[in-house]
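In the working numbering, the protein residues as written are 897 to 2025.
No residue lacks a Cβ here, since even glycine has one placed at the ideal position from N, Cα and C.
To keep things clear, I will list the structure first and then write my remarks on it.
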């Protein structure tokens, strides 16, 4: 029996193993289907159109059948506020900026106008206007601004029909001239109108039959004379001049003949852009002036106008474009590398033509003005982001070690509590800005990364922690000598250096803060020369030299010794201010070095070092200490000695002895001691020639072999008598092997490291020479290694691949991480569904109605928290038929009187900045009367006059309530989860499937099954989810409206259930219980929107999903608006 049981188990296992491939194929097929379906849904869903960080305002509404064409912004009345001027079917209109986006309209000319340029033509300090008019042979006028927005029209002369025009000083004489191109009954003639300085213009033809339909003027080639850039049937042209009188035409691009607008701009580095808009070929392109290289910014866009403007204030030119028939205003943001990202500023405009920028609200950033041609409406788009801020860099200090390192500090903060990044730039002239090579950045709280290759170098990945700290102080180190500085290394002394910091968060870019000019000194003292031996003694030598010139203080150091190599390498004794205090005086030109050894040859080398560590040196000199003279001894005379008699000299020859006399003593011969002869003087020894080899660029971690074999002895002409000594001068410290041979070696470090070595060669006579060599590490193109694979059948055991094991382990870890993220996103989405049902249940239990049984006497309007009266509130009383039955205004006590006969009533209270709200004041009680929060009031007994208390809540309190912020954060999390879920599922499922095929394990099989469960759950959640918000828009332009108040009333009792306020994108989030509601939406300047019978079903998602289009209220007369402005209501 046991044998049969074991047999059955084996058969079951065999069947299971046979079924595994089928099961794996089935799971894989299901995952592929789920991934494809989910991926398509992710790709086509959850995409918001446009980035609504601009709030629209209506500046003015024209009265013509069609309206605005040209739009420009400038301070026309000199009051410090930017005003707006338009040209269109209603003529030339000025809109005076009266603060708070209130503009006063004033027509200056009723003729049909087309193009517009604002420029000070008469050089009186006031901005004038140059305007073109279609269809007239004298169709160009300039309007002289005579002050207080008064303009006098002045005709230019016969310019041709349908002209284009531009004003600039083309002959560089200080007076503004005008260039026009118009049709003389057929061909288009290009003319220049020269200003004699008194605004009298004389016409001269530049060229005939040019085909020009758009032009601008700018000094493209930098010769001091503005050039004409024109476009038309002959393509894009450059008309060059060197005197304003004679012109030479050059074709930039003749492939396009339908350009409708041309503009130019100067980049932060001094280059010029030519920007073109093509309404027919549907494209925006730019050309760089240095080579006329063309960059297609955007195709398939119906571009009417294109302007290069630094909207973000980050130093990079962005492009502002109007798409005429696409009915949009578009912004192409520049990421710092001339790569552009499209962002929609406005939609729904009908045939938008002109666009301009200006700081309309004086908040430090650029707002946008555009005109709706068909509707004749002028809109201003206010930039309303809370920007990050950075303080002006301070504590700027240059190091004292000669490395050119400058440290500085700045503090960053963000009012929105977002993480931030930062761009650092420097300038040498105040006009052109470059990217510095930063070596280090530290934060006083948190951590932050540094990546010099990015436009925003600081906080690229590890962002600045301004989301969790009120402010973060950063300390930077800048290597001013590095060749990686985009403006080049600073190797001299400059006192015009400036730093600029630009912070940004995910929404906007902060204001750039610029330092004053400061000094960077990387120049060595100049003029140190002529080191010479002044005099010598046996133990001292006097040195003299010519002092250097330097704007900063410096000190001297003298290296000396009997070993020349050690002196040249600064390894010898050193004579400093401790030995001679005069060496700290820049005027010193001599010193006496003492305590030397007699009769020795010394080498001397002097260095001058300034306060920043910049060092200058002279050539070395040699001098020998003297040998002390031997003194001659003085003979001593004894006064008591007996004088020796003089002996006559013995005659020469052999003396004849006298018989019997004694034999004479012979006189001794004295031989003098010879003086030693000095050795012969040898010829001066010549120093050898040192050659450390060429500078090298190697791969990181490479083995580097230095080569000094080309060095030779100048006397012998060979290398046999040379001694070698290598030494590292700078760079990360390395171990230099065989440093006393011609070819030492070392192992290089990481990428972008620089090493400098010195080679000292000396001959046997002690003369030496020095050379240096630089080694830099950089990732070079790899050479694929040849792989030799030993097969098992060769009889050689094949070692397992460690790399493959590491890859498998890494893939599994990534697989687990992707699965965990997929589970988290699913939990978020499911939690949202559960929370919606919990909230709906609670609201349903708390949604009981109220019955009014009696009313009392006086009525008043109060603050919902404090109970304080609100004076000047307008109270409108409507009957059951929704007709106005009474209109009252509260007095200083917030009270009003009104009669309420038997019937049903609705009350509307209008007071700036307030809306209905539940009463929360302890001062309000039922004895005060009926607390009215919206809906209907039923009066059954007119003998009891009602007393009504109406609590009002500031709209700002609704906007900043904690619950709204929590809901907004929750919506962001949900939206992020929905966007990220399918990419995570796809990546994780594909990676897990590959691991099952190539590295199968039980864990991967379990994850595969769980992925199927997650995908099914995700699809089920997606099918049920609908956009969880409502939206408020302008009924004409469909532009989202912010700060609109949305109120929900219970249909049966007219009880106010909830109040919501639309955010900057016009969206609101409302989650009422199931039931039937009346929804009202109100905003100043718009008619109140009302929708009855709005059903929220109990078995469906309970978010209120509707779009409310509010109709603008057009004032009857402009004068009444002016008089009412500033009044207390």
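C-beta atoms of residue 1408 and residue 1107 nearer than 8 Å = For this step, residue 1408 is matched to residue 512 along the chain shown. For this step, residue 1107 is matched to residue 211 along the chain shown. With contacts defined by Cβ atoms closer than 8 Å, residue 1408 and residue 1107 do not form a contacting pair.
key: Coil, strand or helix - residue 1550 by DSSP   = The sequence position of residue 1550 within the chain shown is 654, counting from 1. Unreliable placement is indicated for residue 1550, whose pLDDT of 40 sits below 50; no coordinate value is reported for it.
message = Per the DSSP calculation, residue 1230 is bridged to which residue(s)?
response = Numbered from its first residue, the chain shown carries residue 1230 at position 334. Paired residue(s): 1236.
ask   = If you draw a straight line from the alpha carbon of residue 1265 to that of residue 1981, how long is it in whole angstroms?
value = Reading the chain shown from its first residue, position 369 is the one you call residue 1265. Reading the chain shown from its first residue, position 1085 is the one you call residue 1981. C-alpha of residue 1265 to C-alpha of residue 1981: approximately 19 Å in a straight line.
ask   = Whose CA, out of 1512, 1333, 1437, lies closest to the CA of residue 1421?
value = One-based indexing of the chain shown puts residue 1421 at position 525. Of the candidates 1512, 1333, 1437, the residue whose Cα lies closest to the Cα of residue 1421 is 1512.
task = In angstroms with no decimal places, state the Cα-to-Cα distance between residue 1054 and residue 1035.
result = Here residue 1054 corresponds to residue number 158 of the chain shown, with the count starting at 1. Here residue 1035 corresponds to residue number 139 of the chain shown, with the count starting at 1. Going by C-alpha positions, residue 1054 is about 8 Å away from residue 1035.
Helix, strand or coil at residue 1912 according to DSSP, with G and I counted as helix = Along the chain shown, one-based indexing puts residue 1912 at 1016. Of the three classes helix, strand and coil, the one that applies to residue 1912 here is helix, per DSSP.
ask   = Whose CA, out of 1168, 1878, 1620, lies closest to the CA of residue 1657?
value = The residue given as residue 1657 occupies position 761 in the chain shown. The option with the nearest alpha carbon to residue 1657 is 1620.
Alpha helix (DSSP H) segment containing residue 1461, residue limits = Taking the first residue of the chain shown as position 1, residue 1461 is located at position 565. Element bounds for residue 1461: 1460–1464.
ask   = How is residue 1589 classed by DSSP in three states: helix, strand or coil?
value = The sequence position of residue 1589 within the chain shown is 693, counting from 1. DSSP, read as helix, strand or coil, puts residue 1589 in coil.
Residue environment, residue 1988, which counts as buried when at least 16 other CB atoms sit within 10 Å = For the purposes of this step, residue 1988 is taken as residue 1092 along the chain shown, with counting starting at 1. Counting every other CB atom within 10 Å of its CB across the protein chains shown gives residue 1988 a total below 16, marking it as exposed.
key: Coil, strand or helix - residue 1951 by DSSP   = Translated into the one-based positions of the chain shown, residue 1951 becomes position 1055. Of the three classes helix, strand and coil, the one that applies to residue 1951 here is coil, per DSSP.
task = Ignore the nearest five residues each way along the sequence and tell me which others in residue 1964's own chain have a CB closer than 6 Å to its CB.
result = One-based indexing of the chain shown puts residue 1964 at position 1068. The residues are 1926, 1942, 1956, 1958.
query = residue 975 to residue 1044, Cα distance in whole Å?
reply = Position 79 of the chain shown holds residue 975. Position 148 of the chain shown holds residue 1044. Going by the C-alpha atoms only, they are around 10 Å apart.
task = For the beta strand (DSSP E) containing residue 1625, list its first residue and its last residue.
result = In the chain shown, the residue the question calls residue 1625 occupies position 729. Looking at the DSSP string, the run of the beta strand (DSSP E) that includes residue 1625 is 1619–1626.
request  = Tell me, please, which residues DSSP counts as bridged to residue 1242.
outcome  = The residue given as residue 1242 occupies position 346 in the chain shown. DSSP output for residue 1242 lists 1225 as bridge partner(s).
ask   = If we ignore side chains and look at the alpha-carbon of each, how far apart do residue 1787 and residue 991 end up?
value = Position 891 of the chain shown holds residue 1787. Position 95 of the chain shown holds residue 991. Rounded to the nearest angstrom, the two C-alpha atoms are 37 Å apart.
inquiry  = Three or more C-beta pairs under 8 Å: does that hold for the segment 1828–1837 against the segment 1936–1953?
reply    = Contact check between the segment 1828–1837 and the segment 1936–1953: three or more CB pairs, one atom from each, fall below 8 Å, which counts as touching.
message = Does residue 1279 come out as helix, strand or coil in the three-state DSSP assignment?
response = What you label residue 1279 is simply residue 383 of the chain shown in a count that begins at 1. Strand, per DSSP.
ask   = Tell me which same chain residues have a C-beta within less than 7 Å of the C-beta of residue 1478, skipping the five on either side of it?
value = Taking the chain shown and counting its residues from 1, one reaches residue 1478 at position 582. Correct list, in chain order: 1484, 1487.
Span separating the alpha-carbon of residue 1916 from that of residue 1715 = On the chain shown, residue 1916 is found 1020 positions in, with the first residue counted as 1. On the chain shown, residue 1715 is found 819 positions in, with the first residue counted as 1. About 19 Å.
task = Would you decide whether residue 1185 is buried or exposed? Buried here means 16 or more other CB atoms lie within 10 Å of its CB.
result = Within the chain shown, numbered from 1, the residue matching residue 1185 stands at position 289. Its Cβ being crowded by 16 or more others within 10 Å, residue 1185 is buried.
message = Using only the alpha-carbon positions, how far apart do residue 982 and residue 1346 sit?
response = Here residue 982 is taken as the residue at index 86 of the chain shown, counted from 1. Here residue 1346 is taken as the residue at index 450 of the chain shown, counted from 1. For residue 982 and residue 1346, the distance between alpha carbons rounds to 47 Å.
task = Give the range of the beta strand (DSSP E) segment to which residue 862 is assigned.
result = Here the chain has residues from 897 to 2025 only, and residue 862 is not among them.
task = Taking residue 1604 as part of the beta strand (DSSP E), name the residues at either end of that continuous run.
result = For the purposes of this step, residue 1604 is identified with residue 708 of the chain shown, where counting begins at 1. Per DSSP, residue 1604 belongs to no beta strand (DSSP E) and is neither H nor E.
ask   = What did DSSP end up calling residue 1705 once you bin it into helix, strand or coil?
value = Here residue 1705 refers to the residue found at position 809 when the chain shown is read from its first residue. DSSP places residue 1705 in helix when its eight states are reduced to three.
ask   = CB-CB under 7 Å to residue 1193, same chain, minus the five flanking residues each way: which ones, in chain order?
value = Stepping through the chain shown from its first residue, residue 1193 is reached at position 297. So the list reads 1180, 1181, 1182, 1215, 1228, 1236, once near-sequence residues are dropped.
task = Could you tell me which uninterrupted alpha helix (DSSP H) segments, each at least 4 residues in length, are contained entirely in the segment 1274–1321, listed from first to last along the chain?
result = With a minimum length of 4 residues, no continuous alpha helix (DSSP H) run stays inside the segment 1274–1321.
key: Spatial neighbours of residue 1492 in its chain, beta-carbon cut-off 7 Å, leaving aside the 5 residues before and after   = Numbered from 1 along the chain shown, position 596 holds the residue referred to as residue 1492. Hits under 7 Å: 1435, 1436, 1437, 1498, 1521.
message = Counting beta carbon pairs with one atom in the segment 1141–1151 and one in the segment 1112–1120, are three or more of them shorter than 8 Å?
response = Contact annotation: the segment 1112–1120 does not touch the segment 1141–1151, with fewer than three C-beta pairs closer than 8 Å.
query = Which parts of the segment 1093–1163 are runs of the beta strand (DSSP E), unbroken and 3 residues or longer, counting only runs that do not cross its ends?
reply = The segment 1093–1163 contains these whole beta strand (DSSP E) runs: 1097–1103, 1108–1114, 1123–1128, 1131–1136, 1144–1149, 1155–1162.
inquiry  = Between the alpha carbons of residue 1365 and residue 1164, how many angstroms are there, rounded?
reply    = Residue 1365 sits at position 469 when you count from the first residue of the chain shown. Residue 1164 sits at position 268 when you count from the first residue of the chain shown. If you take the alpha carbons of residue 1365 and residue 1164, they lie about 33 Å apart.
request  = Determine the burial state of residue 965: buried for a count of at least 16 other Cβ atoms within 10 Å of its Cβ, exposed for fewer.
outcome  = Looking up residue 965 in the chain shown gives position 69. Burial call: buried.
ask   = Among the residues of its own chain, which have a CB less than 7 Å from the CB of residue 1059, if the five just before and after it don't count?
value = The residue labelled residue 1059 in the question sits at position 163 within the chain shown. Residues of the same chain with a CB within less than 7 Å of the CB of residue 1059, apart from the 5 flanking positions on each side, are 1028, 1035, 1036, 1076, 1077, 1078 in chain order.
Minimum C-alpha distance to residue 1970 - residue among 1977, 1960, 1984, 1946 = Here residue 1970 refers to the residue found at position 1074 of the chain shown. That would be 1946, whose Cα lies nearest to the Cα of residue 1970.
query = From residue 1496 to residue 1458, what does the alpha carbon distance come to, in whole angstroms?
reply = The count along the chain shown starts at 1 and reaches residue 1496 at position 600. The count along the chain shown starts at 1 and reaches residue 1458 at position 562. Straight-line spacing of the CA atoms in residue 1496 and residue 1458 works out to 7 Å.
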